[in-house]
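Engineer: Residue numbers (my numbering): 1060 to 1392.
All C-beta atoms in this analysis are idealised placements derived from N, C-alpha and C, irrespective of residue type, glycine included.
Structure incoming, see below.
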């Protein structure tokens, strides 16, 4: 078996995007909390439905890495249904190695519903209870990229931590999903402690740290508090406000690459995976922080998390035409 540059671990899903036309969004005065609203007990028209195959944080990251020219594989599970077969075919077509995607006989594949309104979405999720395990023939890759897994995966995380302990040269990128955040940092302390680069958004960082969502906390404090859990590099995204990073020495801020979004699903995945890949390629953190927003911007121009993912020449071309202000600011106030 060859050594892969990038091996992603996480659940995979087919997303059904339902484009809503008869809905509304209601937010608090400071926009800290917004609710999607539709008439209850009524028939509500929608524009169209589009299925997006083989997505999910880790699958998106694996495709991003392959588009950037890295040897990329995915460790995941599917059911023995048409959705599962289609997901494997889709990944293969994007040059992602699927040898580690397990087909579970008699089980169904993950299928989520995306309620898409304006430029944002609310996702109805259900993770199947798969028997998680690392492949017995997994050669140590340059980087493991760990993201969203189901609620029954706690023991699997310990298996991953043990694998990393016996393979110290393997870098770990960690982008926790909903259930991993719910498990709490204490139960995943071995994962946090072993993480090279960590990704979450502002709201997720507060949940991880046990800080009330409405409490105002400086981004520099959030970065350092998450870093205290173990990660060597912490990246926190904040929507149109940009992204922030801390390497246990300096703090950095990068704005968004100028654009008007069409549909924002997968922007965070694109940012995280691209920054990770840039570091694997030998880029500095400041350089990698410029790469991430470019791929995130491109993803928001199309439906779903993968259609807009770019190649290295495409990212470099967009960077060559970026505004002079599009640069990572160090040790911001």
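Could you give the uninterrupted runs of the beta strand (DSSP E) lying entirely in the segment 1199-1271, keeping only those of 3 residues or more?
Structural biologist: The segment 1199-1271 contains these whole beta strand (DSSP E) runs: 1202-1205, 1230-1233 and 1256-1260.
Engineer: Does DSSP put residue 1307 in a helix, a strand or coil?
Structural biologist: Your numbering for residue 1307 matches position 248 in the chain shown. Coil at residue 1307, not helix or strand.
Engineer: How should residue 1336 be labelled, buried or exposed, when 16 other C-beta atoms within 10 angstroms of its C-beta is the threshold for buried?
Structural biologist: For the purposes of this step, residue 1336 is identified with residue 277 of the chain shown, where counting begins at 1. By the neighbour-count rule (16 or more Cβ atoms within 10 Å), residue 1336 is buried.
Engineer: Mind checking which residues open and close the beta strand (DSSP E) that includes residue 1180?
Structural biologist: Translated into the one-based positions of the chain shown, residue 1180 becomes position 121. Per DSSP, residue 1180 belongs to the beta strand (DSSP E) from 1179-1183.
Engineer: Express the C-alpha separation of residue 1388 and residue 1187 in angstroms, rounding to a whole number.
Structural biologist: Locating residue 1187 in the chain shown gives position 128, counting from the first residue. Locating residue 1388 in the chain shown gives position 329, counting from the first residue. C-alpha separation (whole angstroms): 42 Å.
Engineer: How big is the Cα-Cα spacing for residue 1071 and residue 1158?
Structural biologist: Looking up residue 1071 in the chain shown gives position 12. Looking up residue 1158 in the chain shown gives position 99. For residue 1071 and residue 1158, the distance between alpha carbons rounds to 14 Å.
Engineer: Can you say whether residue 1146 is buried or exposed, counting buried as having 16 or more other CB atoms within 10 angstroms of its CB?
Structural biologist: As a working mapping, residue 1146 is identified with position 87 in the chain shown. With 16 or more other Cβ atoms within 10 Å, it is buried.
Engineer: Distance, Cα to Cα, residue 1350 vs residue 1225?
Structural biologist: In the chain shown, counting from the first residue as 1, residue 1350 sits at position 291. In the chain shown, counting from the first residue as 1, residue 1225 sits at position 166. One C-alpha to the other measures close to 32 Å.
Engineer: Kindly list the residues whose CB is nearer than 8 Å to the CB of residue 1104, restricted to its own chain and excluding five residues on each side of it in sequence; keep chain order.
Structural biologist: By one-based count along the chain shown, residue 1104 stands at place 45. The answer, listed in chain order, is 1080 and 1081.
Engineer: Measuring straight from C-alpha to C-alpha, what distance separates residue 1242 and residue 1380?
Structural biologist: The sequence position of residue 1242 within the chain shown is 183, counting from 1. The sequence position of residue 1380 within the chain shown is 321, counting from 1. Using only the alpha carbons, I get a separation of about 43 Å.
Engineer: To the nearest whole angstrom, what separates the beta carbons of residue 1238 and residue 1210, a pair I think is in contact under 8 Å?
Structural biologist: In the chain shown, residue 1238 corresponds to position 179, counting from 1. In the chain shown, residue 1210 corresponds to position 151, counting from 1. Residue 1238 to residue 1210, Cβ: 5 Å. Contact.
Engineer: Suppose contacts are defined by Cβ-Cβ distances below 8 Å. Is residue 1347 in contact with residue 1326 by that definition?
Structural biologist: Within the chain shown, numbered from 1, the residue matching residue 1347 stands at position 288. Within the chain shown, numbered from 1, the residue matching residue 1326 stands at position 267. Going by C-beta atoms, residue 1347 is not nearer than 8 Å to residue 1326.
Engineer: What is the DSSP secondary structure of residue 1078, counted as helix, strand or coil?
Structural biologist: Taking the first residue of the chain shown as position 1, residue 1078 is located at position 19. Looking at residue 1078 - three-state DSSP - the assignment turns out to be strand.
Engineer: Quick one: give me the first and last residue of the alpha helix (DSSP H) that residue 1149 is part of.
Structural biologist: Indexing the chain shown from 1 puts residue 1149 at position 90. Looking at the DSSP string, the run of the alpha helix (DSSP H) that includes residue 1149 is 1141-1152.
Engineer: Starting from the C-beta of residue 1175, find all residues in its chain whose C-beta is less than 7 Å away, skip the five residues before and the five after it, and write them out in chain order.
Structural biologist: In the chain shown, residue 1175 corresponds to position 116, counting from 1. Answer for residue 1175: 1076, 1077, 1078, 1079 and 1322, listed in chain order.
Engineer: Straight-line CA distance for residue 1303 to residue 1258?
Structural biologist: On the chain shown, residue 1303 is found 244 positions in, with the first residue counted as 1. On the chain shown, residue 1258 is found 199 positions in, with the first residue counted as 1. Between residue 1303 and residue 1258, the C-alpha separation is close to 10 Å.
Engineer: With a threshold of 16 other CB atoms inside 10 Å of the CB of residue 1338, please say whether the residue is buried or exposed.
Structural biologist: For the purposes of this step, residue 1338 is identified with residue 279 of the chain shown, where counting begins at 1. Residue 1338 is buried by the Cβ-count criterion.
Engineer: What would DSSP say about residue 1285, mapped onto helix, strand or coil?
Structural biologist: As a position in the chain shown, residue 1285 is number 226, starting the count at 1. Residue state, collapsed to three classes: helix.
Engineer: What whole-angstrom Cβ distance do residue 1330 and residue 1386 have, given they're in contact under 8 Å?
Structural biologist: Mapped onto the chain shown, residue 1330 falls at position 271. Mapped onto the chain shown, residue 1386 falls at position 327. Not confirmed; about 16 Å, so no contact.
Engineer: Going by beta carbon distance, what residues of the same chain come within less than 6 Å of residue 1205, once the five residues before and after it are set aside?
Structural biologist: The residue labelled residue 1205 in the question sits at position 146 within the chain shown. Contacts found: 1068 and 1233.
Engineer: So, is residue 1121 buried or exposed, given that buried needs 16 or more other C-beta atoms within 10 angstroms?
Structural biologist: Stepping through the chain shown from its first residue, residue 1121 is reached at position 62. Answer is buried; the Cβ neighbour count reaches 16.
Engineer: From residue 1305 to residue 1267, what does the alpha carbon distance come to, in whole angstroms?
Structural biologist: Numbered from 1 along the chain shown, position 246 holds the residue referred to as residue 1305. Numbered from 1 along the chain shown, position 208 holds the residue referred to as residue 1267. Each residue's alpha carbon lies about 17 Å from the other.
Engineer: Could you pull the start and end residues of the alpha helix (DSSP H) that residue 1356 belongs to?
Structural biologist: For the purposes of this step, residue 1356 is taken as residue 297 along the chain shown, with counting starting at 1. Counting along the chain, the alpha helix (DSSP H) containing residue 1356 begins and ends at 1344-1358.
Engineer: Since residue 1123 contacts residue 1332 with CB under 8 Å, what's their CB separation in whole angstroms?
Structural biologist: As a working note, residue 1123 is residue 64 in the chain shown. As a working note, residue 1332 is residue 273 in the chain shown. Contact flag correct, Cβ pair sits at about 4 Å.
Engineer: Tell me residue 1138's beta-bridge partners as DSSP assigns them.
Structural biologist: Position 79 of the chain shown holds residue 1138. Note: residue 1138 sits in a beta bridge opposite 1163.
Engineer: Just curious, the beta strand (DSSP E) that residue 1106 is in, first and last residue?
Structural biologist: Against the chain shown, residue 1106 aligns to sequence position 47. Counting along the chain, the beta strand (DSSP E) containing residue 1106 begins and ends at 1105-1114.
Engineer: How about residue 1231 and residue 1254: are their beta carbons less than 8 Å apart?
Structural biologist: Residue 1231 sits at position 172 when you count from the first residue of the chain shown. Residue 1254 sits at position 195 when you count from the first residue of the chain shown. Yes; because the gap between Cβ atoms is below 8 Å, this pair is in contact.
Engineer: Excluding the 5 residues preceding and the 5 following residue 1191 in the sequence, name in chain order all residues of the same chain whose CB lies nearer than 6 Å to its CB.
Structural biologist: Here residue 1191 refers to the residue found at position 132 of the chain shown. Within the same chain, residue 1191 has close Cβ partners 1212 and 1215.
Engineer: Measuring alpha carbon to alpha carbon, tell me which residue in 1092, 1096 and 1074 is nearest residue 1084.
Structural biologist: Counting from one through the chain shown, the residue named residue 1084 turns up at place 25. Nearest option by C-alpha distance: 1096.
Engineer: So the candidates are 1089, 1178, 1160 and 1100; which of them puts its Cα closest to the Cα of residue 1319?
Structural biologist: To locate residue 1319, count along the chain shown from 1; it is residue 260. The shortest C-alpha separation from residue 1319 is found at 1178.
Engineer: Using beta-carbon positions only, say whether residue 1316 and residue 1371 come within less than 8 Å of one another.
Structural biologist: Along the chain shown, read from residue 1 onward, the residue named residue 1316 stands at position 257. Along the chain shown, read from residue 1 onward, the residue named residue 1371 stands at position 312. No, Cβ-Cβ distance for residue 1316 and residue 1371 is not below 8 Å.
Engineer: If you draw a straight line from the alpha carbon of residue 1223 to that of residue 1101, how long is it in whole angstroms?
Structural biologist: For the purposes of this step, residue 1223 is taken as the residue at position 164 of the chain shown. For the purposes of this step, residue 1101 is taken as the residue at position 42 of the chain shown. Approximately 52 Å, taken between the alpha carbons.
Engineer: Taking just the CA atoms, how far does residue 1114 sit from residue 1276?
Structural biologist: Along the chain shown, read from residue 1 onward, the residue named residue 1276 stands at position 217. Along the chain shown, read from residue 1 onward, the residue named residue 1114 stands at position 55. Those two C-alpha atoms are separated by around 32 Å.
Engineer: Between 1142, 1218 and 1064, which has its C-alpha nearest residue 1247's C-alpha?
Structural biologist: Locating residue 1247 in the chain shown gives position 188, counting from the first residue. It is 1218.
Engineer: Output yes or no for whether 8 Å exceeds the beta carbon distance between residue 1279 and residue 1310.
Structural biologist: Stepping through the chain shown from its first residue, residue 1279 is reached at position 220. Stepping through the chain shown from its first residue, residue 1310 is reached at position 251. Yes, these two residues count as a Cβ contact at 8 Å.
Engineer: Can you tell me which residues form a DSSP beta bridge with residue 1174?
Structural biologist: Translated into the one-based positions of the chain shown, residue 1174 becomes position 115. Paired residue(s): 1077 and 1181.
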